[in-house]
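A.B. asks:
Residue numbers (our numbering): 31 to 170.
(1) Here's a check: name, in chain order, each residue in its chain whose Cβ is nearer than 8 Å to the Cβ of residue 94, leaving out the five neighbours to either side.
(2) Please look up how many angstroms separate the CB atoms of residue 100 and residue 39, rounded, as I've assumed it's under 8 Å.
(3) Which of the three DSSP states, helix, strand or coil, is assigned to residue 39?
(4) For residue 170, count the other beta carbons within 10 Å of its own beta carbon; 16 or more makes it buried, fewer makes it exposed. Which is it?
(5) With DSSP run on the structure shown, which of helix, strand or coil describes residue 118?
(6) Given this structure, state the Cα-to-Cα distance separating residue 84 from residue 33, to the nearest angstrom.
(7) Start and end of the beta strand (DSSP E) containing residue 107?
Below you can see the structure in the form of structure tokens.
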């Protein structure tokens, strides 16, 4: 995996049974994606408006291998690969970090497509995003 993001699961992210709800795992993955973009110099607030694009997720796949609870420390590893001239895919590995070592809790993959904000037609990756993809999601 190319880059990673680490943080602690918050109490607000667990359900009534005390475990992270399945959709929250994908939110954590997206948080790692955004952090990777920021580390590579892509400031999200201005990037989308300046380039007049959207980058929707076209496909998602997730395999849940273990639960997380409030207070658990996690590391999310991600690797970015190109998907044609207009998109990219991100593979995620989420690991629970503890005194006994690391435990893999989620494998996920998202596929993204760059589209024009008005026409909704496919659009080539802007140069900064293309560099981020070529760097595998790491800092180029």
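Cβ coordinates follow ideal geometry from the N, Cα and C atoms, glycine included.
C.D. replies: This is what the structure holds:
(1) The residue labelled residue 94 in the question sits at position 64 within the chain shown. Once the five neighbours on either side are set aside, the close Cβ partners of residue 94 are 52, 55, 135 and 136.
(2) Taking the chain shown and counting its residues from 1, the one referred to as residue 100 is at position 70. Taking the chain shown and counting its residues from 1, the one referred to as residue 39 is at position 9. A Cβ-Cβ distance of about 6 Å is found for the pair residue 100 and residue 39, placing them in contact under the 8 Å criterion.
(3) For the purposes of this step, residue 39 is taken as the residue at position 9 of the chain shown. In the three-state DSSP reduction, residue 39 falls in the coil class, being neither helix nor strand.
(4) The residue given as residue 170 occupies position 140 in the chain shown. Confidence at residue 170 is low in this model, with a pLDDT of 45, below 50, so its placement is unreliable and no value can be given for it.
(5) Looking up residue 118 in the chain shown gives position 88. Here residue 118 sits in strand by DSSP.
(6) As a position in the chain shown, residue 84 is number 54, starting the count at 1. As a position in the chain shown, residue 33 is number 3, starting the count at 1. CA-to-CA, the gap between residue 84 and residue 33 works out to about 23 Å.
(7) Stepping through the chain shown from its first residue, residue 107 is reached at position 77. In the DSSP assignment, residue 107 falls within the beta strand (DSSP E) that extends over 103-112.
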